Amino acid sequence: QKEVEQNSGPLSVPEGAIASLNCTYSDRGSQSFFWYRQYSGKSPELIMSIYSNGDKEDGRFTAQLNKASQYVSLLIRDSQPSDSATYLCAVTGRRALTFGSGTRLQVQP
Amino acid sequence: AAGVIQSPRHLIKEKRETATLKCYPIPRHDTVYWYQQGPGQDPQFLISFYEKMQSDKGSIPDRFSAQQFSDYHSELNMSSLELGDSALYFCASSLAGGGANNEQFFGPGTRLTVL
Chain A
1154 QKEVEQNSGP LSVPEGAIAS LNCTYSDRGS QSFFWYRQYS GKSPELIMSI
1204 YSNGDKEDGR FTAQLNKASQ YVSLLIRDSQ PSDSATYLCA VTGRRALTFG
1254 SGTRLQVQP
Chain B
3 AAGVIQSPRH LIKEKRETAT LKCYPIPRHD TVYWYQQGPG QDPQFLISFY
53 EKMQSDKGSI PDRFSAQQFS DYHSELNMSS LELGDSALYF CASSLAGGGA
103 NNEQFFGPGT RLTVL
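Chains A and B, in that order, are what the protein sequence lines are. Here the numbering used here is used: the first residue of the first sequence is 1154, the next is one more, and so on. Here the numbering used here is used: the first residue of the second sequence is 3, the next is one more, and so on.
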């Protein structure tokens, strides 16, 4: 079992809809949680970071963290075709990031 | 804003050859991380440096070595290359030793192909 689990998808949503991406992690010592967006052949781009339980909003993105349930999620409102990419959940307790396998999001025009 | 710089962007080598990848972190970032991403896989942590000292070690083969220099740039040296080393190699940097917040910003990567 991977330390960070994500549904591989693809998750397909129509343009303008809300995309909901989920992630669970196994290490209760994890302290920091991140969502990266990665386009094919490109590098991961940091889009959200969250460190405490609850919600964190940044523009169209909302990250949610529940440490008791070891669960992190990312909501993308008003999804655009340009949001089509693989979304990587990453966690860390000390330094190095541990990534999930990523969820591929497809936003249909 | 300045980002992480990696060179070269593409590299083609033969089996058993050596390769050196370079990484220049974001200015004032003191911590550098190396990740390897194979086709269709998530990035795997190799090694990290903080203030020129190795700070953490992941799944880095013994054939690979790395160091961080006084100007904080880092080099990943790969010897006796194997076909399975073909991958994207990313460097990421962060501020303040990768503390609790540890936001890591990735460079564009080096695509290594071993023939």
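Quick reminder that beta carbons are idealized off the backbone N, C-alpha and C, glycines included. The structure presented is a predicted model; accordingly, all values stated were derived computationally and were not measured.
Distance between residue j and residue i (C-alpha atoms, nearest Å)
i: Glu53(B); j: Pro1234(A); result: 41 Å
i: Gln70(B); j: His31(B); result: 12 Å
i: Ser1161(A); j: Arg1230(A); result: 20 Å
i: His12(B); j: Pro110(B); result: 11 Å
i: Thr115(B); j: Leu85(B); result: 8 Å
i: Ala94(B); j: Ala1170(A); result: 32 Å
i: Leu117(B); j: Ile14(B); result: 7 Å
i: Cys1176(A); j: Glu1156(A); result: 10 Å
i: Pro29(B); j: Leu1241(A); result: 25 Å
i: Ala4(B); j: Asn104(B); result: 18 Å
i: Ala1172(A); j: Pro27(B); result: 33 Å
i: Ile1203(A); j: Ser82(B); result: 40 Å
i: Gln38(B); j: Phe1214(A); result: 27 Å
i: Lys1220(A); j: Ser1179(A); result: 10 Å
Supposed close pair residue i, residue j - CB separation, criterion 8 Å
i: Ile49(B); j: Gly60(B); result: 6 Å
i: Gln8(B); j: Thr112(B); result: 5 Å
i: Ser67(B); j: Val34(B); result: Not quite, the Cβ-Cβ distance comes to about 14 Å (not below 8 Å), so this is no contact.
i: Pro1167(A); j: Gln1259(A); result: Not quite, the Cβ-Cβ distance comes to about 10 Å (not below 8 Å), so this is no contact.
For residue i: DSSP bridge partner residues
i: Tyr1204(A); result: DSSP lists no partner for Tyr1204(A).
i: Thr1251(A); result: Val1244(A)
i: Lys24(B); result: Ser9(B) and Glu77(B)
i: Asn1175(A); result: Ser1226(A)
i: Tyr1189(A); result: Leu1199(A) and Leu1241(A)
i: Arg1257(A); result: Thr1239(A)
Residue i CB to nearest heavy atom of the ligand SAM below 7 Å
i: Tyr35(B); result: For the ligand SAM, the structure offers nothing, since it holds no ligand at all.
Counting only runs of 3+ residues fully inside the stretch 32-100 of chain B, write out the beta strand (DSSP E) ranges in chain order. Within the stretch 32-100 of chain B, the complete beta strand (DSSP E) runs of at least 3 residues are 33-39, 46-52, 55-59, 66-70, 76-80 and 89-96.
The stretch 78-93 of chain B in contact with the stretch 1238-1255 of chain A per 3-pair CB rule at 8 Å: The stretch 78-93 of chain B is not in contact with the stretch 1238-1255 of chain A.
Check whether the stretch 1179-1194 of chain A and the stretch 16-27 of chain B are in contact - that is, three or more C-beta pairs closer than 8 Å. Verdict: no, contact absent.
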